[in-house]
Structure formats: C-alpha cells, structure tokens
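K.L.:
Supplied in structure tokens, the structure appears directly below.
Number of protein chains: 4
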Amino acid sequence: MPYLEVMDKKIYYEEHGKGEVVVFLNGIMMSTASWAPFIKAFSSQHKMLLVDLLDQGRSDKADDEYTQDLHVEMLKELLEKLNYHKVHLFGVSYGGEVAQLFALKYQDMVKSLILSNTTSYTDRSMQDLERSWDYAATTHDASVFFSSTMPGIYSYKFYEENYEWLKEREIQFGKIFDEEWYEGFRRAAKSAHNLNTTERLQKIKVPTLIISSELDTVTPLKYQEVLYKGIPNSKWVLIKDAGHASMYEKPYEFMSLVMGFISTTQFDIKIK
Amino acid sequence: MPYLEVMDKKIYYEEHGKGEVVVFLNGIMMSTASWAPFIKAFSSQHKMLLVDLLDQGRSDKADDEYTQDLHVEMLKELLEKLNYHKVHLFGVSYGGEVAQLFALKYQDMVKSLILSNTTSYTDRSMQDLERSWDYAATTHDASVFFSSTMPGIYSYKFYEENYEWLKEREIQFGKIFDEEWYEGFRRAAKSAHNLNTTERLQKIKVPTLIISSELDTVTPLKYQEVLYKGIPNSKWVLIKDAGHASMYEKPYEFMSLVMGFISTTQFDIKIK
Amino acid sequence: MPYLEVMDKKIYYEEHGKGEVVVFLNGIMMSTASWAPFIKAFSSQHKMLLVDLLDQGRSDKADDEYTQDLHVEMLKELLEKLNYHKVHLFGVSYGGEVAQLFALKYQDMVKSLILSNTTSYTDRSMQDLERSWDYAATTHDASVFFSSTMPGIYSYKFYEENYEWLKEREIQFGKIFDEEWYEGFRRAAKSAHNLNTTERLQKIKVPTLIISSELDTVTPLKYQEVLYKGIPNSKWVLIKDAGHASMYEKPYEFMSLVMGFISTTQFDIKIK
Amino acid sequence: MPYLEVMDKKIYYEEHGKGEVVVFLNGIMMSTASWAPFIKAFSSQHKMLLVDLLDQGRSDKADDEYTQDLHVEMLKELLEKLNYHKVHLFGVSYGGEVAQLFALKYQDMVKSLILSNTTSYTDRSMQDLERSWDYAATTHDASVFFSSTMPGIYSYKFYEENYEWLKEREIQFGKIFDEEWYEGFRRAAKSAHNLNTTERLQKIKVPTLIISSELDTVTPLKYQEVLYKGIPNSKWVLIKDAGHASMYEKPYEFMSLVMGFISTTQFDIKIK
Chain A
1 MPYLEVMDKK
11 IYYEEHGKGE
21 VVVFLNGIMM
31 STASWAPFIK
41 AFSSQHKMLL
51 VDLLDQGRSD
61 KADDEYTQDL
71 HVEMLKELLE
81 KLNYHKVHLF
91 GVSYGGEVAQ
101 LFALKYQDMV
111 KSLILSNTTS
121 YTDRSMQDLE
131 RSWDYAATTH
141 DASVFFSSTM
151 PGIYSYKFYE
161 ENYEWLKERE
171 IQFGKIFDEE
181 WYEGFRRAAK
191 SAHNLNTTER
201 LQKIKVPTLI
211 ISSELDTVTP
221 LKYQEVLYKG
231 IPNSKWVLIK
241 DAGHASMYEK
251 PYEFMSLVMG
261 FISTTQFDIK
271 IK
Chain B
1 MPYLEVMDKK
11 IYYEEHGKGE
21 VVVFLNGIMM
31 STASWAPFIK
41 AFSSQHKMLL
51 VDLLDQGRSD
61 KADDEYTQDL
71 HVEMLKELLE
81 KLNYHKVHLF
91 GVSYGGEVAQ
101 LFALKYQDMV
111 KSLILSNTTS
121 YTDRSMQDLE
131 RSWDYAATTH
141 DASVFFSSTM
151 PGIYSYKFYE
161 ENYEWLKERE
171 IQFGKIFDEE
181 WYEGFRRAAK
191 SAHNLNTTER
201 LQKIKVPTLI
211 ISSELDTVTP
221 LKYQEVLYKG
231 IPNSKWVLIK
241 DAGHASMYEK
251 PYEFMSLVMG
261 FISTTQFDIK
271 IK
Chain C
1 MPYLEVMDKK
11 IYYEEHGKGE
21 VVVFLNGIMM
31 STASWAPFIK
41 AFSSQHKMLL
51 VDLLDQGRSD
61 KADDEYTQDL
71 HVEMLKELLE
81 KLNYHKVHLF
91 GVSYGGEVAQ
101 LFALKYQDMV
111 KSLILSNTTS
121 YTDRSMQDLE
131 RSWDYAATTH
141 DASVFFSSTM
151 PGIYSYKFYE
161 ENYEWLKERE
171 IQFGKIFDEE
181 WYEGFRRAAK
191 SAHNLNTTER
201 LQKIKVPTLI
211 ISSELDTVTP
221 LKYQEVLYKG
231 IPNSKWVLIK
241 DAGHASMYEK
251 PYEFMSLVMG
261 FISTTQFDIK
271 IK
Chain D
1 MPYLEVMDKK
11 IYYEEHGKGE
21 VVVFLNGIMM
31 STASWAPFIK
41 AFSSQHKMLL
51 VDLLDQGRSD
61 KADDEYTQDL
71 HVEMLKELLE
81 KLNYHKVHLF
91 GVSYGGEVAQ
101 LFALKYQDMV
111 KSLILSNTTS
121 YTDRSMQDLE
131 RSWDYAATTH
141 DASVFFSSTM
151 PGIYSYKFYE
161 ENYEWLKERE
171 IQFGKIFDEE
181 WYEGFRRAAK
191 SAHNLNTTER
201 LQKIKVPTLI
211 ISSELDTVTP
221 LKYQEVLYKG
231 IPNSKWVLIK
241 DAGHASMYEK
251 PYEFMSLVMG
261 FISTTQFDIK
271 IK
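Here it is, written out as structure tokens:
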C-alpha cells in the first residue's frame with residue numbers, strides 16, 4: 001500500500017486513473033476510503049489523488065495539537081515527493097479550508113480550486129459547535145457522538161429517507177471508532193479553531209468553483225457567499241435538496257460538477 | 001402572583017393589557033419571563049396571556065413523562081377557569097406544536113393561530129437532535145448544554161455579533177439551572193418525540209400566520225412550507241437574517257408581524 | 001372632495017382615521033383609489049393620508065417631463081399646508097423611491113419609513129423595461145399595455161389563480177385609460193429614469209422596514225438587499241409566494257407588516 | 001454544409017466531436033450558431049449534435065402555424081436518418097420543452113435528459129408574456145423587440161455589467177432580423193402556447209438533470225421545482241447569480257454541469 005514519509009510521519013495516499021491530477025482533501029470525519037464510490041467515474045477522465053492527512057484514515061496520528069497549516073506543509077512535501085508541480089485542489093468542508101490555506105501559500109502549485117460546503121472563517125458559532133462535538137467525542141460513545149454530529153451533517157430529508165442506513169453506520173462506526181480515533185477527531189476539530197482567510201481571499205487568482213447545498217446547516221450558503229464575493233471570478237453553484245454531506249446525498253450532481261469543472265477549466269470559453 | 005390549580009398542578013400565568021386575548025406559548029427553554037421585553041408594546045393593543053406550561057418557568061414540574069397532549073388539556077382547563085371561550089393562539093417552536101394540537105382538538109376556542117419557527121412533525125433528524133440535547137442535559141453542565149443547543153438556536157450572524165451577551169447568559173443560566181430544571185427540560189424534549197400533525201393540518205380553518213426565519217437551522221423553512229401547504233389559506237412570512245430565536249434576534253420584525261396579524265384578522269380586507 | 005393647491009397644481013388627498021399620520025405613496029399605476037380595501041383596517045389604528053401625486057389619480061397632470069424630485073417638493077408643501085411636521089412614510093415600488101428621496105432631503109419630517117417592493121437605483125435593465133412599457137403606452141391599446149406590464153406585476157401563481165379577475169380589470173381599464181392617462185404614465189415612468197440613492201442610503205437614520213416578495217420579478221429581492229445593507233438598522237421581511245403587487249396578492253400579510261411596524265416603532269423593545 | 005430533408009423541409013445540423021451523442025435543442029431566439037463558444041470544450045469529450053429546428057437559424061421556415069409536437073416528429077426523423085437510435089437530449093428553455101415532449105413520446109430513443117431554464121407548462125402569465133413578445137415582433141423594430149425581451153432574458157446583474165455588449169448585439173440583430181425572422185419568431189412563440197406536460201412527467205424514467213438560475217424571471221425556479229417533483233429521481237442544481245440565459249451569463253458553470261452530467265450517467269455511483 002502506498003505510503004510516503006512526510007515530515008517524519010507516514011502518510012497514506014492512493015492514485016487512480018490518468019490525466020489532470022486532482023487532489024481530494026477529506027472532510028473531518030472522512031478518509032481516502034470515503035471516496036471509493038466515486039473512483040470508477042472520476043478516474044475515467046482525470047487522475048485522482050486521494051490522501052489521508054495527519055489524524056485521518058490510515059495515516060499516522062499527530063503527537064500533539066496542530067493547526068491546519070501543518071496539513072498545508074505536509075501536503076506540499078507529499079506533492080513534491082510525488083513530483084507533482086501543479087495540481088487541481090478539491091476540498092470538502094474541513095478539506096476545503098486546507099485547500100484555501102494551501103492556495104494562499106503555494107498558489108503556483110495550484111491549477112484550479114474546488115471548494116465544497118466549506119467556510120473561510122471559523123466563527124463563534126462554529127467554535128461552540130466544535131466545543132459540543134469535542135465534548136461528544138470525549139465520551140467515546142458512538143451513540144452520543146452520532147446524535148451530536150449527524151443531524152448537522154445530513155439534511156433532514158436524507159435523514160428521514162435513509163434512517164436505517166444511518167443507524168447501520170452508527171453501529172459499524174461504533175465498532176471501529178476507538179479511543180485513538182476520537183482523540184484524533186478532537187485534535188482535527190481544534191486545528192480549525194482559528195481559521196480565517198476572509199481578508200486574503202482576493203489573492204486567490206486560479207479558477208475556483210464553489211459548491212453549496214441548499215439544506216447545509218453546518219456551513220450554510222451564506223458562508224460560501226463570502227467565498228464567492230472574496231475570490232475574484234469564482235463560480236458558484238448550489239445543489240438543491242442536499243445537506244452538508246452533499247457528496248453522499250447527491251453523488252451525481254456532485255460528481256457532475258467536480259468532473260465537469262476540471263474538464264472545462266482546460267478550455268477558454270469566450271462569450272463576448 | 002397569579003397561579004391557577006389545573007389538573008392538580010399549580011400553573012403560573014400573567015395577563016397584560018386589554019382587548020383581544022392572545023395566548024403566548026413558550027418555546028422549550030422559555031418561560032413567561034422570556035416575554036418581558038415585549039409586554040409594553042404588545043399590551044398597548046391586545047390582552048397578552050402569558051403562561052408557563054408544566055415543567056416551564058414558575059409552574060409545577062411534572063411527576064412523570066408526558067406528551068404535548070397533556071399541555072393541550074391543561075391549557076383548555078386554564079382558559080375555561082379564566083372564562084376565555086375564544087382566544088388567539090400564538091406559539092413559538094415547541095409552543096407552536098402545542099398550538100397546532102390545541103387547534104386540532106379545540107378549534108372552537110381558537111380565533112386565529114400564529115405559528116413561529118415550528119414544525120408539524122418531529123422527524124428522525126429532530127429525534128436525534130433531541131437525543132443529543134437530552135444527553136447534554138444529563139451532564140447538568142451549563143457549558144456542555146449551551147454549546148450543544150445555542151449554535152442551533154441563534155443564527156451565526158447573531159452569534160458573532162452578540163457573543164459577549166450569549167456568554168453572559170451562559171454564566172447566568174449556569175447559576176440558575178439546577179438538576180430539577182434539567183430533568184424538566186428532558187421531559188419536555190421527550191414530550192414532542194411523536195408529534196405528527198401533518199396529515200391533519202387541512203382541518204385547521206382559522207386564520208393562520210406562519211413565521212419563518214431565513215437562517216433557522218433547527219426548524220428550517222421547509223418545515224414551515226409543510227404547514228403553509230397543509231393549512232388552508234394560511235399566510236406565510238419570512239424574517240430575513242434571523243435564526244430560530246427570531247423573537248430575540250429581530251424583535252421589531254417579529255412583534256410587527258404578531259401585533260399586526262392580530263389587528264388585521266379583525267377585518268375583512270377584500271381585494272376582489 | 002379634498003384638494004390642495006400645491007406648486008400651482010391641484011393635488012388630491014384623503015385622510016382616514018386618527019393617530020399617527022402615515023403617508024401612503026402609490027406605485028406607478030396606482031392612485032388613492034387603490035387603497036380602498038385597506039382603509040377600514042388601517043384607519044382603525046392610525047391616520048391614513050392618501051395622496052395622488054402629479055400625474056396620479058385625481059390630481060392634475062404635469063405640463064412637462066419631470067423627475068421624482070418634483071414629487072418630493074410637492075409632498076413637502078402638501079404636508080406643511082396640512083400642518084404635519086413629522087409623519088411615517090410608506091411607499092410601494094415607485095412610491096418607495098419617492099419615499100427614499102424625501103427621507104434623504106427632509107429627514108426631520110420623517111418618523112419612520114416603510115419601503116415595499118422597491119429599489120434604490122434604476123439600473124440598465126429597468127431602464128430597458130421602462131422603454132418597453134413606454135412603447136406599450138404609446139399604442140394607447142389596453143391589450144398591448146396589459147400584456148406588457150401585468151406578467152411582471154403579478155406573480156405567476158396569482159396570475160394563474162385569478163386570471164378572470166385580471167382579464168376583467170383589463171377590460172375595465174381599457175374603458176378608463178384615455179390618451180391623457182397613457183401620457184401621464186409615460187412621464188411618470190421617465191421620472192424615475194435616473195434614480196440612484198444607493199450611495200446615500202447610510203444617511204437614513206429613521207426606523208425603516210423593507211418588504212420584499214418572494215416572486216417579485218420587477219424589483220427582485222436583491223434590490224431590497226441593497227436597501228437593507230445600505231440603511232443602518234433597517235428591518236427586512238419577505239412575503240412568501242407573492243409577486244411585485246404584494247399588497248393585492250397577500251393583503252393580510254402586507255397590512256400586518258405595515259400596521260404592526262407603525263405600532264411597534266412607538267416602543268423601545270430591548271432584548272439586551 | 002450539412003442539411004437533411006425532413007418532412008419535406010431542409011433542416012440544418014452540425015456535428016462536432018466523438019463519443020456519446022448529445023443533441024442540443026435551442027432556446028427560442030437561438031440557433032446552432034449560438035453554441036459556437038462551447039464547441040471546443042464540449043466536443044473534446046462527447047459528440048455534439050446541433051440542430052436548427054423549423055423556423056430556427058438556417059433551417060426552412062414553416063408554412064403555417066404549428067405546435068412543438070411538429071419539432072418532436074422532425075427531430076425523430078432527423079435522428080433516424082442520421083442512424084442515431086439512442087441519444088442524450090439537452091434543451092434550453094423552449095428547447096427544454098421540446099425535449100420533454102420528445103422524451104414522453106420516444107423515450108426509447110433517449111439515454112438522458114438535461115432540462116435547463118425551462119417549464120412543463122405555459123401558464124397564463126407566460127401566455128400574456130408571449131402576447132407582449134408577439135406584439136413587439138409585429139413592429140419589426142429591433143429597439144422595441146429588444147427592450148421587450150432582453151430585460152427578462154438576462155439577469156439585471158449581467159445587464160448592468162455588460163450593457164455595451166448587449167447594445168452592440170441589439171444593433172447587430174437590428175441589421176439581421178428581417179420580416180421573415182420576426183414572423184418565424186412569432187410562430188415559434190405560439191407553438192408553445194398550449195404546452196402542458198406536468199401530469200405526465202412521472203412517466204420520464206431516464207436520468208434527468210434540471211438546471212435553474214437564481215435570477216431567472218422568465219422561468220423562475222418554481223417552474224423547475226415542478227419538473228423536479230414530477231420526474232422520478234431527477235437531479236436539480238441551481239446556478240447562482242445568473243438569469244434565464246445562464247449559458248451565456250455563466251458559461252463555465254453551465255458547461256461543467258452539462259459535460260459532467262453526460263460523463264457521470266455512464267457510471268453507477270453507489271453510496272448505499
């Protein structure tokens with residue numbers, strides 16, 4: 001299995017397909033494994049680079065608390081070791097925050113940016129939400145943890161229609177999530193505590209697509225409005241009837257946007 | 001202080017002003033005291049009947065678990081004892097659920113209905129949210145309880161702009177909330193667990209105003225769309241830039257709607 | 001019938017009820033007669049001052065082209081002759097534009113402001129719409145004029161459900177609208193051509209309520225967003241399922257807001 | 001140049017690229033030429049079949065009035081003559097109406113459906129709008145015609161920012177549009193007068209993507225909500241900050257969706 005030593009940590013990654021290199025950056029409870037359903041479709045057109053950042057999936061755990069800036073440095077080293085000098089960066093939620101920080105620091109390495117269900121700023125409300133998630137994680141109890149996080153992550157529509165599936169996942173995760181996992185989750189949540197790129201967004205000059213979901217209550221679309229207004233010439237699309245986890249709730253709409261955007265950025269479409 | 005013995009329980013209520021009797025039904029963490037800022041304005045035109053239902057404010061605690069139907073019966077007895085045969089019913093969130101149930105059972109006693117930031121159905125997502133709130137309440141820890149409930153109750157905008165005030169309230173509530181309060185809260189939350197009036201909404205024939213808030217994430221506006229489509233000839237208005245606690249975030253917009261609606265229902269405004 | 005000589009023109013007005021004086025400023029095809037359905041309700045609480053501005057209803061026609069600034073001056077003289085030194089100003093669409101200009105010039109005479117379905121700026125798109133309405137008016141043909149204006153003024157929902165009533169109005173207006181009316185309409189439309197208060201909105205310090213309609217296509221809610229962001233501490237409410245002519249489509253919601261707002265502005269509602 | 005004789009009329013078409021065949025159906029003022037800016041990008045992945053239906057672009061004019069059903073039959077014959085047995089159908093506005101009718105009659109020939117800024121029903125409001133457009137067309141005057149149609153077709157934002165370009169187009173079209181063009185436009189507008197597929201939408205079983213624009217005032221998003229609720233398992237995405245002519249206002253967002261959707265429909269993306 002492909003691991004690379006990055007800043008003295010073992011970082012797990014996967015590559016699928018050929019073509020333009022697109023880096024997938026996970027949301028906070030996600031890992032490379034979360035993208036399995038999308039590999040066949042996406043890798044038919046582009047090269048998919050999945051990566052577990054520190055404290056995610058199969059990669060090493062952190063030794064201590066950190067900020068998202070650490071992910072930026074590790075991602076840069078990983079890309080250099082893989083000899084990728086310019087990639088498309090696509091991040092979901094937490095991953096979209098890392099993507100912004102990366103683009104602001106190493107913009108020369110970025111061809112385009114896709115920011116899905118994310119924010120430029122961990123505001124007071126999110127900090128309190130983080131505090132409640134942190135508390136739920138300290139219980140190491142999957143039932144408490146799920147009831148504290150899932151109603152925000154999935155839309156009420158998806159929740160209602162897929163309740164059995166969600167409860168099945170709760171049971172499965174209850175078996176997998178161990179103390180180490182919960183402590184990693186807590187460090188990850190804290191690493192975004194002071195995120196604030198709002199005032200620097202205008203420095204992002206690469207083609208950028210922003211994806212919102214109509215029913216997202218963790219990062220409601222007003223957060224993406226800040227991204228849209230801040231990033232020059234950014235594009236903004238909304239998936240109807242979906243919550244924060246739009247990739248799972250509306251996989252076709254989601255993949256259409258991501259695959260289509262990577263394809264169109266290769267071209268100059270001139271109307272005027 | 002005005003108490004009435006209702007179904008063997010002491011129920012606290014207040015009356016302010018003269019005119020059309022409007023019953024205010026509290027949201028789940030609210031009490032008669034929550035309406036203090038509105039008394040002067042509202043009672044200048046209409047009679048305000050504030051009431052602490054069982055497990056709320058200064059009224060008695062319940063002996064056991066119950067459903068919202070119990071509130072309906074107690075409210076009916078209270079109104080009869082006060083000799084009010086027909087009133088306007090105005091409920092916020094939890095109180096709006098009680099108001100629907102009352103209107104469905106004792107519609108002859110209802111002149112008009114105002115349903116603010118509420119739902120006709122406790123869906124799976126809300127039941128899980130209830131579970132997380134229940135868990136937070138079992139800790140009897142105001143910090144845990146606040147971080148689990150407040151980010152949903154206030155909009156992120158209000159949160160950001162009024163953080164000091166919210167933290168001050170957290171401290172105050174931490175002093176007031178005792179074990180008894182938390183246990184009352186838990187019973188109240190559970191009492192709505194099986195609420196579902198959706199299929200019966202078409203039976204509500206009294207003039208009805210539905211109030212939504214743009215940024216409400218606890219009862220997003222799609223829940224009120226169900227109310228609007230279900231209740232014949234209902235009216236629907238949205239307060240911009242407000243969260244679930246619209247009465248506190250946007251007191252003037254909120255009071256304009258409530259006071260104005262009670263006033264206009266007295267008249268027949270014929271356009272065609 | 002009450003007329004006053006203002007700047008050498010006969011201006012028609014009506015007064016109904018007692019209390020706070022609220023001036024109603026008409027939309028472009030409206031007149032004092034348009035408010036008839038609302039008189040009984042509104043005048044039960046406040047004093048309603050209806051007025052036909054130049055080229056409207058029973059008032060004199062203009063001799064020449066003019067801008068909305070002329071209305072401002074005439075309104076000021078009218079108020080002075082009626083001995084009203086401080087009034088609430090409520091304007092719909094075109095009337096809301098006049099209200100803004102009045103508030104910017106004679107703010108001392110304004111207690112509060114209600115701006116419904118209006119804009120701070122006649123942009124290029126509106127100027128072209130004005131051009132098409134102007135053309136339709138030159139035909140002096142009610143069928144052409146109605147088909148050019150009505151689909152924008154009423155929401156498609158209202159249109160569908162009230163088609164017979166709309167067609168009946170088309171026939172009635174066809175009998176009433178004469179060459180003089182159409183020429184007055186054309187002058188009125190042109191008088192707003194260069195309206196732009198956007199940069200001065202922050203000077204408006206009086207309590208202000210902004211009313212939007214969900215399905216308004218003539219002044220979509222993004223125009224009111226400009227008002228909301230520009231006017232300090234303004235309040236913003238949206239009427240669901242209504243078009244530009246919200247007062248006719250949703251009379252109860254509309255009147256609740258207007259009557260309620262005038263009432264609440266008398267009070268200091270302090271939450272914090 | 002490629003023409004085919006279809007039902008005794010010369011029909012113009014173009015083919016670009018290789019791969020899945022995607023038929024582009026024009027909006028009412030559009031022609032094959034309108035798609036020029038998109039050919040390079042789109043044809044890099046899929047085969048683009050552009051076609052001028054009767055009364056459009058370089059194809060023959062109709063001899064008489066007709067309904068959109070005639071387009072359906074002609075399109076079917078065209079596809080058969082080209083030996084295409086199963087295609088993706090993508091229609092914008094008027095073209096989206098034709099696409100629905102085609103899918104309902106010849107669903108076996110349809111692999112997937114993309115419906116952009118369109119409706120299932122020409123309601124009373126649209127019929128009156130059609131009446132005003134028809135009137136404007138009878139003048140054969142580009143200035144009248146443009147001011148009657150353009151403010152509805154482009155969003156006010158695009159209008160404001162691209163006014164010079166729009167005025168330039170008005171001038172160019174004024175040179176090109178002759179009596180024959182205007183008469184063709186009038187027949188086309190009338191051909192949709194009685195469209196109503198609403199009750200039959202549930203019969204559409206092919207993968208369907210619905211595209212809305214936030215600021216579309218000709219076919220506001222409530223029309224697409226009808227499509228979304230009617231067509232089983234349809235997907236629904238909204239382009240922010242765009243009007244009815246989303247393909248021109250937001251070409252990258254638009255092309256991302258169309259290209260991406262055609263690509264993803266080839267795959268089975270299984271989340272659960």
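Chains as they are written, first to last, in the UniProt record's numbering: chain A, 1 to 272; chain B, 1 to 272; chain C, 1 to 272; chain D, 1 to 272. Backbone N, C-alpha and C define an ideal beta-carbon position, used for all residues, glycine too. Note that this is a predicted model, so its numbers are computed, not measured.
#1: Does Glu253 of chain A get closer than 8 Å to chain D when you measure Cβ to Cβ?
#2: Report the neighbours of Tyr94 of chain B on chain A: residues whose CB is nearer than 8 Å to its CB, in chain order.
#3: Are the C-beta atoms of Phe38 of chain C and some chain B residue less than 8 Å apart?
#4: Give me the Cβ distance between Gly184 of chain C and Asp69 of chain C, rounded to the nearest whole Å; I'm assuming they're in contact under 8 Å.
#5: Rounded to a whole number of angstroms, what is the C-alpha to C-alpha distance between Asp241 of chain C and Ile11 of chain D?
#6: Between which two residues does the alpha helix (DSSP H) holding Phe254 of chain D run?
#7: Counting Cβ pairs closer than 8 Å, one from the region 247-259 of chain C and one from the region 26-43 of chain C, do we hit at least three?
#8: Mind listing the chain D neighbours of Arg160 of chain C? Cutoff is C-beta to C-beta under 8 Å, in chain order.
#9: Applying a beta-carbon distance threshold of less than 7 Å, which residues of chain B neighbour Met150 of chain A?
#10: Between the Cα of Val92 of chain D and the Cα atoms of D:Pro232, D:Ser263 and D:Val218, which residue gives the shortest distance?
#11: On the CB-based measure, 16 or more other CB atoms within 10 Å of its CB, does Glu65 of chain D come out buried or exposed?
#12: From what residue to what residue does the beta strand (DSSP E) around Lys190 of chain C run?
#13: In whole angstroms, give me the CA-to-CA distance for Leu101 of chain D and Val72 of chain D.
#14: Beta-carbon separation of Leu257 of chain B and Leu215 of chain B under 8 Å?
#15: Alpha carbons only, please: which of C:Tyr228, C:Asp8, C:Tyr3 and C:Lys270 is nearest the one belonging to Thr119 of chain C?
#16: Distance, Cα to Cα, Glu20 of chain A vs His46 of chain A?
#17: Using a Cβ-Cβ cut-off of 6 Å (strictly less than) and excluding sequence neighbours within five positions of His244 of chain B, which residues of its own chain qualify?
#18: Give the residues from the region 211-242 of chain C that approach chain D closer than 7 Å (Cβ to any Cβ), ordered along the chain.
#19: Using the Cβ count rule (16 or more neighbours within 10 Å means buried), how would you classify Trp165 of chain D?
#20: Count the CB pairs spanning the region 133-151 of chain B and the region 132-139 of chain A that are closer than 8 Å, and state whether there are at least three.
#21: Measure the CB-CB distance between Lys111 of chain B and Lys86 of chain B and report whether it falls below 8 Å.
#22: Going along chain A in order, which residues have a C-beta closer than 9 Å to the C-beta of Thr119 of chain D?
#23: Classify Asp268 of chain A as buried or exposed, calling it buried when 16 or more other Cβ atoms lie within 10 Å of its own Cβ.
#24: Take the Cβ of Pro220 of chain A as the centre, count every other Cβ of all protein chains shown within 10 Å, and call the residue buried at 16 or more, exposed below.
#25: Would you say Arg131 of chain A lies against chain B (beta-carbon separation less than 8 Å)?
#26: Only counting the same chain, and skipping five residues up and downstream in sequence, which positions put a Cβ closer than 6 Å to that of Arg200 of chain C?
#27: Step through the CB atoms of chain D and report whether any lies within less than 8 Å of the CB of Val144 of chain C.
#28: On the three-state DSSP scale, how would you describe His71 of chain A?
#29: For chain D, is any of its Cβ atoms less than 8 Å away from the one on residue 276 of chain A?
#30: With DSSP collapsed to three states, give me the class of Asp91 of chain B.
#31: Using DSSP with H/G/I as helix, E/B as strand and the rest coil, what is Lys47 of chain B?
#32: What three-state label does DSSP hand Leu78 of chain B in the structure shown?
#33: Name, please, each residue of chain C whose Cβ falls closer than 8 Å to the Cβ of Lys250 of chain B.
#34: Measuring alpha carbon to alpha carbon, tell me which residue in D:Leu25, D:Val144, D:Ser213 and D:Met255 is nearest residue 274 of chain D.
#35: Drop a sphere of 10 angstroms on the beta-carbon of Glu130 of chain B, count the other beta-carbons inside from all chains shown, and report buried for 16 or more, exposed for fewer.
#36: Under a Cβ-count criterion, where at least 16 other Cβ atoms within 10 Å of its own Cβ denotes burial, should Glu168 of chain C be classed as buried or exposed?
P.N.:
On the basis of the data shown:
#1: yes
#2: Chain A residues near Tyr94 of chain B: none, gap ~17 Å exceeds 8 Å.
#3: yes
#4: Wrong, their Cβ atoms sit about 18 Å apart, outside the cutoff.
#5: 43 Å
#6: Pro251 to Thr264
#7: yes
#8: As written in the sequence, residue 160 of chain C is Glu, which differs from the Arg given in the question. Neighbours of Glu160 of chain C on chain D, chain order: Asp123, Arg124 and Ser125.
#9: Asp128
#10: D:Val218
#11: exposed
#12: Per DSSP, Lys190 of chain C belongs to no beta strand (DSSP E); it is in the alpha helix (DSSP H), Glu179 to Ser191.
#13: 7 Å
#14: no
#15: C:Tyr228
#16: 5 Å
#17: Asn117, Ile153, Asp216 and Val218
#18: Leu215, Thr217 and Pro220
#19: exposed
#20: yes
#21: yes
#22: None at all; the shortest Cβ gap to chain A is about 17 Å.
#23: exposed
#24: buried
#25: yes
#26: Leu104
#27: yes
#28: helix
#29: Residue 276 of chain A cannot be examined here, being either before or after the span of chain A that is shown, 1 to 272.
#30: The amino acid occupying residue 91 of chain B in the given sequence is Gly; Asp does not appear at that position. Strand, per DSSP.
#31: strand
#32: helix
#33: Lys235
#34: Because residue 274 of chain D is not part of the residues shown, which for chain D are 1 to 272, the question remains open.
#35: buried
#36: exposed
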